[in-house]
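This report concerns only the one structure given below.
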Amino acid sequence: MGNAESMESQLAVIRSRAAPARLPMPEPTELEERFSIALNSMNLPPDKVRLLRSYDSDKKWELICDQERFQVKNPPHTYIQKLRGFLDPAVTRKKFRRRVQESTQMLRELEISLRTNHIGWVREFLNEENRGLDVLVEYLSFAQYAVT
C-alpha cells in the first residue's frame, strides 16, 4: 500500500467529496472497536497499522467516518459478469477487435478496484461463488487465442 502521507492525501480527497457532517464520536471502547474494523478492512502492513494506532481519538474517528462513507464503485460480480460476457466464442474476429477496446477499459477498472478497494472486496472477487481469478484467467486465455 502507499505511505502515510499518500494515505492522508487520499483521505483529504474523500473528505472534500463527502459533504455530510461528522457524527458525534462514540465512547472510547466503541471507537477502538470500530477503528480496528476499519484498519482490518484496509489490509495494511504492520508498520502502517502501528502508525495509525498511535493517532489520537479525533484522528481515529475521522478515519472511521471516512471509511464508512467510502462507497465501492462496482461490486465484484459486476466485473465478473462483464468478463463472462466477453467470452462469447460466436463473436467474429471483427466484432472481437471492437470489443477489445471495451474489455481493455473494463480490465483497467478492475485493476484499479483490486488495488484500491478494501480487502473484503478482493476476497469477495476471489471467493468460491464468484471465482473471479478463474474467470479472469479464462478471459485472458480466450482473448489470447482469439487474436492469434
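Be aware that the sequence shown starts at 1, since it is given in full-length UniProt numbering, and climbs by one per residue.
By construction, the Cβ of each residue, glycine as well, lies at the ideal position given by its N, Cα and C atoms.
Among the options, nearest to residue i - alpha-carbon criterion
i    : options                 : result
K60  : E27, I112, Y79 and R84  : E27
L23  : D66, S36 and Y55        : D66
E129 : H77, D47 and Y55        : H77
R34  : D47, K48, R53 and P45   : R53
E102 : S113, H118, G85 and P89 : G85
V135 : S41, K95, D88 and H118  : D88
Y79  : E62, R97, V100 and L107 : L107
Residue range of the alpha helix (DSSP H) that includes residue i
i    : result
R131 : No alpha helix (DSSP H) holds R131; DSSP gives it neither H nor E.
K59  : S57 to R69
D47  : P46 to R53
P75  : Counting along the chain, P75 falls outside any alpha helix (DSSP H), and DSSP gives it neither H nor E.
Simplified DSSP assignment, three categories, for residue i
i    : result
R15  : Residue confidence is low: R15 scores 49 on pLDDT, short of 50, so the model does not pin down where it sits. Its coordinate-derived value is still stated next. It is helical.
V135 : helix
M25  : coil
A90  : coil
N43  : coil
Between the CA atoms of residue j and residue i - distance to the nearest angstrom
i           : j    : result
L51         : I64  : 15 Å
G120        : Q144 : 30 Å
Q105        : R123 : 22 Å
N74         : R115 : 13 Å
G132        : M25  : 38 Å
E68         : A90  : 44 Å
residue 149 : T29  : Because the chain spans 1 through 148 in this model, residue 149 falls outside it and cannot be assessed.
N117        : K95  : 32 Å
S141        : K82  : 16 Å
E109        : Y55  : 32 Å
N127        : E138 : 16 Å
D47         : F125 : 27 Å
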